[in-house]
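Encoded as structure tokens, the structure appears first; notes follow it.
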Amino acid sequence: MPSLNKMVLSEKEVQLRDNSTNLEIKRWNPEYKREWDAFVNNGKNATFLFLRDYMDYHSEKFCDYSLLIYRGPKLLALLPANLTTEGKLISHEGLTYGGFIFRRDVRLAEVLECFRAVLRYLESLSIKLIIYKMMPRFYNTLPCDDVEYALFLLDAKLYRLDCSLVINFDDRLPFKKGRKSEISKAKKYGVTLGQENDFKLFWNEVLMPRLNSKHNVNPVHSFEEITLLAKRFPDKIKLFSAYVDNKPIAGAVIYEAKHVAHAQYIAVSSEGRRIGALDLLLNWIINDIYSNMKYFDFGICNENEGKSLNHGLLQWKQGFGARATSHNFYEIVTSNHYRLNDVLDAQQQS
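Heads up, the numbering used here is the position in the sequence shown plus 27, with the first residue counted as 1.
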């Protein structure tokens, strides 16, 4: 396969019409940006991560293969995606989650039609496999298990399952005793709290040293990337810090969805860990700043594509009253589109 970023697209690749359902598929083009973003802002299962100013901040790393699905002039769904050098479609490799984004009023049969049309389209281009990252359910503003039904009919293979630790504000569990004692300790040491606009000190003095010493890795986002994204989305990406003598010793980068606050990064220095600074910080974030949300998402506690658990991390997050919810990853064989025929044909005959 030639270099994906240099592929020349034929008309067949850019656009395809499924005459059986009157669906038209178009491949992403920057001229669709306004329409794409407006759709994301009103979708029933979308967050700001699907806006093009977020998706495209690292566009040079991926061959964008996002699709727009229309019925007549009406945009019915989006599929944020990229194509790998092996010829697999991933939705989306540069995002935590992905999958179809649907109109708020979409019906089950239309979801199935979108799946079938897209799979037929991809098969016609010799793309044989989709790696489909589900959107965790609690991010949806309306029920969206139509997707689960489609995946069942398509005989999609569940190859990875992560456990996200989530606080449900409508039915909360109390903090464990250990967390409460750490909070009290931090108060005795005079730890102060605040929101930061500059990510530099947290990145260089807390987050990167912590990740390097404990896991020998760097953050997914570089300092330059997170600064760029925070400037693009100042109401969605926020840094909260804990200090001693005005020195940051713990911090949390929060991504805000419509009713979910997600901890994208959490880190504490050795000093901050000793005096309970992170517990005090998260107590403030959870109980004061985001208590009006429906959910607080701590992120996953899995390793090895879900097959291993980080038990220390799991116990720590559960100590705040968070409990597990699944984040599923599927493989879909594009030629399996025919498995939807019986259900859809029965609809047309009724």
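We treat Cβ as the ideally placed atom computed from N, Cα and C, and that holds for glycine.
These numbers were taken from a predicted model, which means no experiment stands behind them.
9 Å Cβ cutoff met for residue i and residue j
i, j, result
"I52", "L94", "yes"
"L185", "L341", "no"
"L50", "C141", "yes"
"A10", "L238", "No answer is possible for residue 10: it lies beyond the span of the chain, which begins at 28 and ends at 377."
"L308", "A349", "no"
"I210", "A144", "no"
"I313", "I194", "yes"
"T361", "L149", "yes"
"R147", "F347", "no"
"N72", "T168", "yes"
"Y216", "I117", "no"
"A288", "F75", "no"
"I293", "V218", "no"
"L122", "F66", "no"
"D173", "L135", "yes"
"Y317", "F323", "yes"
"E120", "T112", "no"
"M235", "N245", "yes"
"N363", "L181", "yes"
"E232", "S297", "no"
"L106", "E62", "no"
Proximal residues to residue i (C-beta, below 7 Å), its chain only, five neighbours per side dropped
i, result
"L139", "A177, L367, V370 and L371"
"V35", "With a pLDDT of only 38 at V35, under 50, the local geometry of the prediction cannot be trusted, and the value read off the model is given with reservation. Within the same chain, V35 has no close Cβ partners at all."
"D91", "W55 and N109"
"L336", "C328 and N329"
"A373", "none"
"N355", "M161, L185 and L188"
"L228", "P275"
"G333", "R187, L188 and D189"
"E137", "L103"
"K241", "none"
"A213", "I302, G303, A304, D306 and L307"
Segment limits, alpha helix (DSSP H) that includes residue i
i, result
"K241", "M235 to H242"
"D173", "D173 to L180"
"S249", "Here S249 belongs to no alpha helix (DSSP H), and DSSP marks it neither H nor E."
"H338", "H338 to Q345"
"F66", "K60 to N69"
"D80", "R79 to M82"
"G299", "S297 to R301"
"A213", "K204 to K215"
DSSP bridge partner residues for residue i (one or two, in chain order)
i, result
"T254", "Its beta-bridge partners do not exist; DSSP assigns none."
"P275", "Y270"
"N378", "A query on residue 378 cannot be resolved here, the shown segment of the chain reaching from 28 to 377 and no further."
"R54", "L94"
"D132", "Per DSSP, none; premise fails for D132."
"Y282", "I264 and H289"
"I359", "I157"
"K101", "R98"
"E330", "S335"
"A294", "G278"
Neighbourhood of residue i by C-beta distance below 8 Å, restricted to the same chain and skipping five residues each side
i, result
"Y365", "none"
"Y84", "E252, L255, L256 and R259"
"E358", "L156, I157, I158, Y159, A183, K184 and Y186"
"F226", "F250, I253, T254, A257, L266 and V280"
"K321", "F165, N195, F196, D197, H286 and V287"
"C171", "K71, N72, F129, M162 and R164"
"Q345", "L192 and K203"
"Q222", "K265, L266, F267 and S268"
Sequence-distant residues of its chain with Cβ nearer than 6 Å to residue i (five each side left out)
i, result
"V133", "none"
"E38", "Residue placement at E38 cannot be trusted, given a pLDDT of 43 that sits under 50; what the coordinates show is reported in the next sentence. Result list for E38: empty, nothing under 6 Å."
"N310", "I210"
"N69", "none"
"K291", "A small fix is needed here, since residue 291 is Gln in this sequence, not Lys. These residues qualify, in order along the chain: V280 and Y282."
Limits of the beta strand (DSSP E) - the one that residue i falls within
i, result
"I316", "Taken as a continuous stretch (DSSP letters only), I316 belongs to no beta strand (DSSP E), as it is neither H nor E."
"G221", "T219 to E223"
"I157", "L156 to K160"
"C141", "Careful: C141 lies outside any beta strand (DSSP E), inside the alpha helix (DSSP H) at L135 to S151."
"N195", "K184 to N195"
"G348", "Premise fails: G348 is in no beta strand (DSSP E) and is neither H nor E."
"G411", "Because the chain spans 28 through 377 in this model, residue 411 falls outside it and cannot be assessed."
Test: residue i CB closer than 9 Å to a CB of chain C
i, result
"I117", "You won't find chain C in this structure, because it holds only one protein chain."
Does the segment 255 to 269 touch the segment 199 to 211, meaning 3 or more C-beta pairs lie closer than 8 Å?
no
Report yes or no: do the segment 154 to 169 and the segment 119 to 128 share at least 3 C-beta pairs separated by less than 8 Å?
yes
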